[in-house]
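Protein chains in written order, with this note's numbering: chain A, 42 to 244; chain B, 1358 to 1616.
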Amino acid sequence: MRTLDPQSLSEHVDRLYRAAWALCGSREDAEDLVQETFARVLARPRVLRSDDDLSYLMGVLRNTFLTARRTASRRPLKVATLEDVAACDPRPTGQPEHALEAQALYGAIATLSDDFRLALVAVDVLGLSYREAARALGVREATITTRVFRARRQVVAELSPEEPNSNPANPADHASEQKPRKIVSSIREDHKTGGVLLSGEEP
Amino acid sequence: MNDRHLPTESELAALADGSLPPDCRERMLAAVREHPELSAMLAVQERAVKMTRSVDVKAPASLHQQISSMYSSPPRRRFAWLPRPALAGALASGLAALAAVLVLTLGQGGRHSPSLAQISALTLGQPTLAAPAESSTDHTDLTVSVEGIAFPYWGAHLGWHSTGRRIDHLGASTVTTVFYKNSKGQRIGYAILAGAAPAVSTGTVIERAGVPYRLLSSDGVTTVTWHRDGHLCVVSGRGVSGQTLVRLASWEHPETSRT
C-alpha cells in the first residue's frame, strides 16, 4: 500500500492523452477526458495497492469515460443538420503527419464496441501488460487477450478492408470470448481432435 | 501436425506483441510456419500492433499546463470543500466578505451540496478549457450544457462572448462554468451545478417573467443565482452591476422563449 505521488503522474499525460483519443475518437474530447481524469485523481489523496500508476490511471480513465458517456446519453437529443458535422480540427499540432495517422487509427479504434476498445487501448495504446489491463478493467486476463485479438483484427479491417484475414466485426465475437479458442477452420484437416475454429464460426 | 499445438487467439495476440513466454513462442511460431492461415492472422495482429505503437502524438502544451496547474494545488480534502489556493488567491478579500453571506444562504438539503460561496468562487476563477462555440442548431445557446441545460450564447445580441470554461468537482457535485467577456473587458462566470439544486434563501429577490433571481453583492463582487429546470445557476462578476447580471441571467432571445 502506498500513497499516489501526484508529481509522478506528469510523465503519463501523453500516453493517457493517446488512450483518451482512442476511446473518444476526437482530440477535443480526449483533452476534456484527460483533464477530468486528472481532476478526479487529484481531488484527494489516493492509496494504491500496486506500484503501477498507469494501470490505476487506466481504471480512472475508463470510469470517467463511461460516466461521461452515460451523462451525455441522458441529454435531450437535438436534430443534427449538415452544418453540425464537425470540420477538421483547425489547431496546429506541429506533427501533421502523426496527427493524420493518429486520427485515422484512433478513429477506427473508437468505432469498436466498448469492451474491445477498452482492451485494445489498455494494452496497445497505453502499453499495459495483459495482467495489468485485466486488473484495471476488472475482467479476466484471458478475456482481455481474446478481446485484444479481435479488436486488432477489426481495426485492421477498418483501415484496410482489402486485407485478407482481417474480416470485420463478427457478431459472434462476443459469444465465447471467455474461452481460449483455437483458430482456423481450414486447418481442421481430417482429424477430429481439438476444437479448431475460425473465430466467430461455430462447429 | 497435431491439433494440440495450434495457437489460441490469446496466444496469437501475445505472439504478435512479443509478450508470449519464449518457450511458448517457439512452439507457436513452428505451428504458424506450417499453416498459411495462421501466418496471415499473425500478420494482421502484428500489423495492428505496429500501427498502434508507431503513433506517438503528444498531448497539447495547453493540456500539460492545465494538468501542471492541478499539481501545484494540493489535493482537496474530501470533506472540506474549500476553494483551491490558486482560486482563493484570485478571490482575495472581495470574496471573503461575500462568502460569509453566501455560505449561509443555501437551505436545507444542501448538506451534500457545495455552498453558493464555493460556486461563486469558481465563476471568478480562470478557465481551463477552450471557449465553447455558438450552437449551430439553437442560436441562443452555446454547445456546452449540463444535463440538458445549455449555456446561453450572448455574443450577437448582448456583446458578451464566451472566453473559456472549466469543470470542477466539489465533493460529489460537478460544477461547469463558462466565462464571458464584453468589449469593455468586463468578465463574468456562469456556473451550472449538476444534479438537484439546493434551495437559496437570502439575497434581494428580483422577479422577471415569473422567475425569482436572487442578487447578492459584497466588495465589488456581484452574484445572481436562480434555478433553470431544477438546476442551480450562478452568475458572478467583479465590478459588474447587479442590473447587468440580472438582465443577462433573464435574457430571452426576441424570437425564442427560454425557460
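C-beta atoms are modelled at their ideal positions from N, C-alpha and C, and glycine is treated no differently.
Minimum Cβ-Cβ distance from residue 1428 (chain B) to chain A less than 9 Å: What you label residue 1428 (chain B) is simply residue 71 of the second sequence in a count that begins at 1. Taking CB atoms only, residue 1428 (chain B) has a neighbour in chain A less than 9 Å away.
Chain A within 9 Å of residue 1564 (chain B), Cβ atoms only: The count along the second sequence starts at 1 and reaches residue 1564 (chain B) at position 207. Under the Cβ criterion of 9 Å, residue 1564 (chain B) is not counted among the residues facing chain A.
Residues near residue 1587 (chain B) in its chain [Cβ-Cβ closer than 8 Å; skip 5 each side]: Mapped onto the second sequence, residue 1587 (chain B) falls at position 230. Cβ contact annotation for residue 1587 (chain B) (same chain, cutoff 8 Å, sequence separation greater than five): 1553, 1554, in chain order.
Per DSSP, cross-strand counterpart(s) of residue 1536 (chain B): On the second sequence, residue 1536 (chain B) is found 179 positions in, with the first residue counted as 1. Residue 1536 (chain B) is bridged by DSSP to B:1521, B:1546.
Cα-Cα separation, residue 1364 (chain B) to residue 1378 (chain B): Within the second sequence, residue 1364 (chain B) is the residue found at index 7, counting from 1. Within the second sequence, residue 1378 (chain B) is the residue found at index 21, counting from 1. The straight-line gap from Cα to Cα measures roughly 13 Å.
Test: residue 1370 (chain B) CB closer than 9 Å to a CB of chain A: Your numbering for residue 1370 (chain B) matches position 13 in the second sequence. It does; some Cβ of chain A falls within 9 Å.
Chain B residues whose Cβ lies nearer than 9 Å to that of residue 106 (chain A): Taking the first sequence and counting its residues from 1, one reaches residue 106 (chain A) at position 65. In chain order: nothing, as chain B lies at least about 14 Å away.
Residue 1497 (chain B) (DSSP reduced to helix, strand or coil): As a working mapping, residue 1497 (chain B) is identified with position 140 in the second sequence. Secondary structure at residue 1497 (chain B): coil, using DSSP grouped into helix, strand and coil.
Cα-Cα separation between residue 155 (chain A) and residue 97 (chain A), rounded to whole angstroms: Locating residue 155 (chain A) in the first sequence gives position 114, where the first residue counts as 1. Locating residue 97 (chain A) in the first sequence gives position 56, where the first residue counts as 1. Cα to Cα, the separation comes out at about 19 Å.
Candidates A:196, A:179, A:56, A:51: closest to residue 1413 (chain B) by CA position: Stepping through the second sequence from its first residue, residue 1413 (chain B) is reached at position 56. Nearest Cα to residue 1413 (chain B) within the set A:196, A:179, A:56, A:51: A:56.
One or two residues paired with residue 1592 (chain B) in a DSSP bridge: The residue labelled residue 1592 (chain B) in the question sits at position 235 within the second sequence. Looking at the DSSP assignment, residue 1592 (chain B) forms a beta bridge with B:1547, B:1581.
Candidates A:66, A:149, A:167, of which the one nearest residue 93 (chain A) by Cα: By one-based count along the first sequence, residue 93 (chain A) stands at place 52. Closest option to residue 93 (chain A), Cα to Cα, is A:167.
Opposing strand residues paired with residue 1569 (chain B) [DSSP bridges]: Here residue 1569 (chain B) is taken as the residue at index 212 of the second sequence, counted from 1. Bridge partners of residue 1569 (chain B): B:1564.
Under 7 Å (Cβ pairs) to chain A, residues found in the segment 1541-1557 of chain B: Those residues of the segment 1541-1557 of chain B placed with their C-beta closer than 7 Å to a C-beta in chain A do not exist.
9 Å Cβ cutoff met for residue 1532 (chain B) and residue 1551 (chain B): Taking the second sequence and counting its residues from 1, the one referred to as residue 1532 (chain B) is at position 175. Taking the second sequence and counting its residues from 1, the one referred to as residue 1551 (chain B) is at position 194. Going by C-beta atoms, residue 1532 (chain B) is nearer than 9 Å to residue 1551 (chain B).
Under the three-state DSSP convention, the category residue 1411 (chain B) falls into: Here residue 1411 (chain B) corresponds to residue number 54 of the second sequence, with the count starting at 1. Of the three classes helix, strand and coil, the one that applies to residue 1411 (chain B) here is helix, per DSSP.
Under 9 Å between C-beta atoms of residue 82 (chain A) and residue 45 (chain A): As a first step, residue 82 (chain A) is located in the first sequence; it is residue number 41 there, counting from the start. As a first step, residue 45 (chain A) is located in the first sequence; it is residue number 4 there, counting from the start. The answer is yes: Cβ separation under 9 Å.
Residue 104 (chain A) to residue 75 (chain A) span [Cα, whole Å]: Walking along the first sequence from the start, residue 104 (chain A) turns up at place 63. Walking along the first sequence from the start, residue 75 (chain A) turns up at place 34. Their backbone Cα atoms lie some 12 Å apart in a straight line.
Identity of the residue in B:1506, B:1381, B:1540, B:1494 nearest residue 1514 (chain B) by Cα: By 1-based counting over the second sequence, the position of residue 1514 (chain B) is 157. Nearest C-alpha to residue 1514 (chain B): B:1540.
For residue 1591 (chain B) and residue 1571 (chain B), the rounded distance between their alpha carbons: If you number the second sequence from 1, residue 1571 (chain B) lands on position 214. If you number the second sequence from 1, residue 1591 (chain B) lands on position 234. So the alpha carbons of these two residues sit roughly 10 Å apart.
CB of residue 88 (chain A) within 9 Å of CB of residue 43 (chain A), strictly: Along the first sequence, one-based indexing puts residue 88 (chain A) at 47. Along the first sequence, one-based indexing puts residue 43 (chain A) at 2. A contact, by the Cβ cut-off of 9 Å.
Cβ-based contacts, 7 Å cut-off: residues of the segment 83-100 of chain A near chain B: So the list reads 83, 84, 85, 86, given in the order they occur along the chain.
Cβ neighbours of residue 177 (chain A) in the same chain (closer than 8 Å, five flanking residues each side left out): Residue numbering aside, residue 177 (chain A) sits at position 136 when the first sequence is read from its first letter. Once the five neighbours on either side are set aside, the close Cβ partners of residue 177 (chain A) are 96, 97, 99, 100, 103, 163, 169.
Option in A:72, A:51, A:49, A:50 with minimal Cα separation from residue 60 (chain A): For the purposes of this step, residue 60 (chain A) is identified with residue 19 of the first sequence, where counting begins at 1. Taking only the C-alpha atoms, the option nearest residue 60 (chain A) is A:72.
Within-9 Å CB hit, residue 43 (chain A) to chain B: Sequence index remark: in the first sequence, residue 43 (chain A) carries index 2 (1-based). For residue 43 (chain A), the answer is no, since every Cβ of chain B falls outside 9 Å of its Cβ.
Below-9 Å beta-carbon distance, residue 247 (chain A) vs any chain B residue: Absent from the model: residue 247 (chain A). The displayed extent of chain A is 42 to 244, so no value can be given.
Status (buried if at least 16 other CB within 10 Å, exposed otherwise) for residue 1425 (chain B): For the purposes of this step, residue 1425 (chain B) is taken as residue 68 along the second sequence, with counting starting at 1. It is exposed - the Cβ of residue 1425 (chain B) has fewer than 16 other Cβ atoms within 10 Å.
Among A:90, A:194, A:52, the one whose alpha carbon lies nearest that of residue 1416 (chain B): Taking the first residue of the second sequence as position 1, residue 1416 (chain B) is located at position 59. Relative to the Cα of residue 1416 (chain B), the nearest Cα in the group A:90, A:194, A:52 belongs to A:52.
Residue 1468 (chain B) burial status per 10 Å Cβ neighbour count (16 or more: buried): Working through the second sequence from its first residue, we reach residue 1468 (chain B) at position 111. Below a pLDDT of 50, predicted positions are generally treated as unreliable, and residue 1468 (chain B), at 44, falls in that range; no measurement from the model is reported.
Cβ neighbour criterion (16 or more within 10 Å) applied to residue 1371 (chain B): Locating residue 1371 (chain B) in the second sequence gives position 14, counting from the first residue. By the 16-neighbour rule on beta-carbons within 10 angstroms, residue 1371 (chain B) is buried.
Cβ-based burial, residue 1422 (chain B) [other Cβ within 10 Å; buried from 16]: Taking the second sequence and counting its residues from 1, the one referred to as residue 1422 (chain B) is at position 65. Sixteen is the threshold: since fewer than 16 other Cβ atoms of the shown chains lie within 10 Å of the Cβ of residue 1422 (chain B), the residue is exposed.
Cross-chain neighbours of residue 51 (chain A) in chain B, by beta carbon under 8 Å: Numbered from its first residue, the first sequence carries residue 51 (chain A) at position 10. Within 8 Å Cβ-Cβ: 1421, 1424, 1425, 1428.
Residues in the segment 1384-1408 of chain B having any Cβ partner in chain A nearer than 7 Å: With the criterion set as a beta carbon lying under 7 Å from some beta carbon of chain A, the members of the segment 1384-1408 of chain B are 1392, 1394, 1395, 1397, 1398, 1401, 1402, 1404, 1405, 1406, 1408, in sequence order.
Interface residues of chain A facing residue 1485 (chain B) [CB-CB closer than 7 Å]: For the purposes of this step, residue 1485 (chain B) is identified with residue 128 of the second sequence, where counting begins at 1. The answer, in chain order, is 76.
Residues near residue 199 (chain A) by beta carbon distance below 6 Å, same chain, minus five either side: Here the question's residue 199 (chain A) lines up with position 158 in the first sequence. Cβ neighbours of residue 199 (chain A) within its own chain (closer than 6 Å, five residues either side excluded): 149.
Partner residues on chain A for residue 1524 (chain B), Cβ-Cβ distance less than 9 Å: In the second sequence, residue 1524 (chain B) corresponds to position 167, counting from 1. Residues of chain A with a Cβ closer than 9 Å to the Cβ of residue 1524 (chain B) are, in chain order, 73, 76, 77, 80.
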